[in-house]
Amino acid sequence: MGGTVTRTRLGFIAGLTLFVSVLATLAWGLWQIGLWITSANQLPMHSLIIQGEHKYLSREQVREAVLTLPQVDNFFTLEVDQVQQQLLTLPWVSQASVRKQWPDKLRVYIVEQEVAAFWNEGAMLNRQGEVFEADYRGLELSLVSLSGPDEESDKVLKEYHGLQQLLQPYGYDITHVHLTPRLSWELVLSNGVRLILGREHIETRLQRFVDVYPGILDRERIDYLDLRYDTGLAVGWKRDEETDNDKKRGTQSNRRA
């Protein structure tokens, strides 16, 4: 009886020892695998593939943005969400998608901002009317200039499109649209004439301009037209430099006398 108990106890201890050894070996193996995976020297990124049509964003800018990430050298630890967020910080980037391709490639697809207009002299609007700032020096951009409160940017862009559609059949092009802080509309035509339209009945007032303007004499001397009237309009004339100079000389002569 005693010998049987002893053998059973020894067998149990041997089995437990073997089980613990297997667990220890497995844990050590997993730990080694973890070290191997997290090591920057294992499966490094070798290729960055950039896709999409790019007019304003250079491949070097994309590359530099990705290389600033701390885990960019390791295929396993690099998180595609971090890469995506990093790319979205670039001013010209509207959308970005990122995926890893086994064993050592990172593939990114970039959608650039579609520029619709200059905004407040220092920024731009995309086609959704959203404000963004990007360096456009050296770029040939033929865009309308819009201005107004930032929170009204999409409204200003939509109004520009509507007014341009109304005027274009008559041969007029808009170069600038401004929405004042009091939400009053003003615009400048390609011939330099400024139209003050006010807050209401914008299309009606613009139609009045189309009807009346061709009949005004000396149109080249017009500075602005104020259309904020129920009927008619007020004309502001450009200052005559020769007349202004004569007035200044006359005033100075009177002072000397």
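Under our numbering, think of the first position of the sequence shown as -11, with each following residue one higher. Where a beta carbon is used, it is the ideal one built from N, C-alpha and C, also for glycine.
- Each residue's CA atom was taken as its position, placing L145 and E121 some 16 Å apart.
- C-alpha of V60 to C-alpha of V54: approximately 7 Å in a straight line.
- Residue nearest to G40 within the set Y97, L14 and G117 is Y97 (criterion: CA-CA distance).
- H164 is bridged by DSSP to S133 and V176.
- Counting along the chain, no alpha helix (DSSP H) covers A105; the unbroken beta strand (DSSP E) around it starts and ends at V103 to W107.
- Contact annotation: A105 and V81 have beta-carbon atoms that are not nearer than 8 Å.
- Sequence-distant Cβ neighbours of T163 in its own chain, meaning closer than 6 Å and more than five residues away, are V176 and S178.
- S135 and V181 have their alpha carbons spaced roughly 17 Å apart.
- Across the structure, S46 and P79 are spaced so that their CA atoms are roughly 12 Å apart.
- The Cβ atoms of G117 and D138 do not sit closer than 8 Å to each other.
- Counting C-beta atoms within 10 angstroms of its own C-beta, E147 has 16 or more neighbours from the protein chains shown and is therefore classed as buried.
- Between G224 and Q156, the alpha-carbon positions lie close to 23 Å from each other.
- Cβ-Cβ separation between G186 and W173: approximately 7 Å, consistent with a contact (criterion under 8 Å).
- Annotation: the region 173 to 216 contains the following complete segments of the beta strand (DSSP E) (minimum length 3 residues), in chain order: 173 to 177, 182 to 186 and 210 to 214.
- In this model, L171 and V165 are separated by some 12 Å (Cα to Cα).
- E128 places its beta carbon 8 Å or farther from that of Y44.
- Judged by their CB atoms, E188 and L167 are not nearer to each other than the 8 Å cut-off.
- Comparing alpha-carbon positions, the option among K93, G150, V68 and L76 lying closest to V50 turns out to be L76.
- By alpha-carbon distance to N108, the top candidate from P169, Q89, Q73 and E67 is P169.
- The distance from the Cβ of A84 to that of Q70 is about 12 Å, inconsistent with a contact at the 8 Å cut-off.
- Residue pairing for F120: DSSP places it in a beta bridge opposite M112.
- When the beta-carbon positions are compared, D92 and P32 come within less than 8 Å of each other.
- Taken atom to atom, the span from the alpha-carbon of L14 to that of T56 is near 36 Å.
- Between A222 and D228, the beta carbon gap of about 18 Å keeps them out of contact (Cβ cut-off 8 Å).
- The residue among Y212, D218, Y201 and I204 with its C-alpha nearest the C-alpha of T192 is D218.
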